[in-house]
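Numbering (UniProt numbering), first residue to last: 1 to 109. Ideal placement from N, C-alpha and C gives every residue a C-beta, glycine not left out. Here the structure is a predicted model, which means the values were calculated and not measured.
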């Protein structure tokens with residue numbers, strides 16, 4: 001259990017999804033479904049709010065499963081791959097003067 005918590009904490013600082021984070025997400029939703037199912041049972045399904053919350057939670061869970069599967073199919077790029085090895089590819093601000101004598105990035109009155 002301690003190793004799971006440490007892995008979960010470390011996965012927060014890593015880009016993308018990790019198996020520990022996915023497992024924690026599924027366990028959290030299973031706990032939510034259990035609580036909502038128990039509340040629906042106890043109220044004998046007379047409280048529409050619990051039923052609607054369960055349907056919303058199921059829709060959210062399906063959406064998260066879809067999103068994580070799409071995220072895992074795409075290779076994430078590191079900062080070095082995005083900007084190259086040196087940071088000289090970041091465009092500079094254009095400070096050339098315009099026709100009226102002021103620079104392009106200054107506000108017009």
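**Asked** Sorry if obvious, but does the Cβ on residue 99 come closer than 8 Å to a heavy atom of the ligand GDP?
**Response** Absence of the ligand GDP from the depicted structure is noted, as is the absence of any ligand whatsoever, leaving it without description.
**Item:** the stretch 51-67 in contact with the stretch 28-35 per 3-pair CB rule at 8 Å
**Value:** yes
**Request:** Would you kindly work out how many angstroms separate the C-alpha atoms of residue 52 and residue 25, rounded to a whole number?
**Result:** Mapped onto the chain shown, residue 52 falls at position 52. Mapped onto the chain shown, residue 25 falls at position 25. Each residue's Cα considered, the two are about 21 Å apart.
**Asked** Where does the unbroken alpha helix (DSSP H) through residue 69 begin, and where does it stop?
**Response** By one-based count along the chain shown, residue 69 stands at place 69. Here the alpha helix (DSSP H) through residue 69 covers 48-73.
**Request:** Go ahead and label residue 95 buried or exposed: buried means 16 or more other beta carbons lie within 10 angstroms of its beta carbon, across all protein chains shown.
**Result:** Here residue 95 refers to the residue found at position 95 of the chain shown. Exposed is the call here.
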